[in-house]
Amino acid sequence: MDPQLPALITAGATRNPVDAIRYLSANATGATGVVIAQALALRFAVRLLGSTEACLRAKLADGSLATREYTSTRDLMAKMEEELRARPGGVLIHSAAVGDYEAQPAATKLPSGQPELVLRLTPGPKIVDHVREWDPDVFLVSFKAGNPEWDEAKLEAVARAQLARTRSDLVFANRLGALATSCLIVSETTTERFGSRDAAIGALVDRCRGR
86 MDPQLPALIT
96 AGATRNPVDA
106 IRYLSANATG
116 ATGVVIAQAL
126 ALRFAVRLLG
136 STEACLRAKL
146 ADGSLATREY
156 TSTRDLMAKM
166 EEELRARPGG
176 VLIHSAAVGD
186 YEAQPAATKL
196 PSGQPELVLR
206 LTPGPKIVDH
216 VREWDPDVFL
226 VSFKAGNPEW
236 DEAKLEAVAR
246 AQLARTRSDL
256 VFANRLGALA
266 TSCLIVSETT
276 TERFGSRDAA
286 IGALVDRCRG
296 R
């Protein structure tokens, strides 16, 4: 394997602005993406595209990792396109928690103390649906976090639907709150089941190395 084959890992959560200081985000630290980036750095030219927290985690864990910060969904989308077009034909691990909805942000801080505040949210772009436009040959691993009440069959079905829609090579799927104990890696022909996050990450890294 060419040690310079590029690998882009997205990690953390987007922050879609509501006003000058507030934003909509998700409870995602980027820890999984950072662990994957560290493992892939042994064989790939890795760049981590992360939230502020994810990039800080990466610098504390391994100061040699190349990092770049993003903010909103649209900022992440623009930077992913730039990275993939500049360094095509490698691996993309898209583990970032991307906000599904966005507001029309106010230019200044919304006043506090109101008895009620109504936000109008509209769907944001589905970044992963555009990846093949930017880099048709990338080895694409997308992530799916399922609802806690889903059983494994439901989680696998949703992961397979994402695999087909996004033309991912693999989908890494888990139920919210159960990442440490139950994960799936789904391909076009196989479903692998793992009892821990570390085991699933190890298998994922092996699949990327053997692409």
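Counted from 1, the sequence shown has number 266 at position 181 by my numbering; the numbering is strictly sequential.
Note that beta-carbon positions come from the ideal geometry of N, C-alpha and C, so glycine has one too.
Model, not experiment: these values are computed from the prediction.
* To do: Work out the CA separation of residue 107 and residue 267 for me, nearest whole Å.
  => A direct Cα-to-Cα measurement between residue 267 and residue 107 gives close to 34 Å.
* Cut-off 7 Å between Cβ atoms - residues of its own chain near residue 115, not counting five sequence neighbours on either side -> If the five residues before and after residue 115 are omitted, its C-beta is found closer than 7 Å to the C-beta atoms of 96, 97, 135, 136, 138, 139, 142, all from its own chain and listed in chain order.
* To do: Let me know if residue 282 comes out buried or exposed under the rule of 16 or more other beta-carbons within 10 Å of its beta-carbon.
  => Flag for residue 282 reads buried.
* Looking at C-alpha atoms only, which residue of 127, 158, 123, 164 is the closest neighbour of residue 144? -> Selected option, being the one with the closest Cα: 123.
* To do: Determine the contact status of residue 157 and residue 233, defining contact as a CB-CB distance below 8 Å.
  => No; because the gap between Cβ atoms is not below 8 Å, this pair is not in contact.
* Work out the CA separation of residue 262 and residue 176 for me, nearest whole Å. => Rounded to the nearest angstrom, the two C-alpha atoms are 27 Å apart.
* **Exposure label - residue 253; buried when at least 16 CB within 10 Å** => Buried is the call here.
* To do: Say whether the region 179–188 touches the region 203–215, bearing in mind that this needs 3 or more beta-carbon pairs closer than 8 Å, one atom from each stretch.
  => Per the Cβ contact rule, the region 179–188 is in contact with the region 203–215 (3 or more Cβ pairs under 8 Å).
* **Outcome for residue 241 when other beta-carbon atoms lying within 10 angstroms are tallied against a minimum of 16** => Counting every other CB atom within 10 Å of its CB across the protein chains shown gives residue 241 a total of 16 or more, marking it as buried.
* Which whole-angstrom value is the C-beta distance of residue 132 and residue 153, which I expect to be below 8 Å? -> That pair is a contact at about 7 Å.
* To do: Would you kindly work out how many angstroms separate the C-alpha atoms of residue 75 and residue 94, rounded to a whole number?
  => Shown here, the chain extends from 86 to 296; a query on residue 75 therefore has no answer.
* Going by Cα to Cα distance, which pick from 104, 126, 161, 287 is closest to residue 148? -> Nearest to residue 148 by C-alpha distance, out of 104, 126, 161, 287, is 126.
* **Candidates 256, 91, 275, of which the one nearest residue 171 by Cα** => Checked all of 256, 91, 275; the closest Cα to residue 171 is 91.
* **Own chain partners of residue 168 with C-beta closer than 7 Å, once the 5 adjacent residues on each side are dropped** => The beta carbon of residue 168 lies closer than 7 Å to those of 93, 132, 134 in the same chain, with the five residues before and after it left out.
* Should residue 203 be labelled buried (16 or more other beta-carbon atoms within 10 Å of its own) or exposed? -> Here residue 203 is exposed, its C-beta having fewer than 16 other C-beta atoms within 10 Å.
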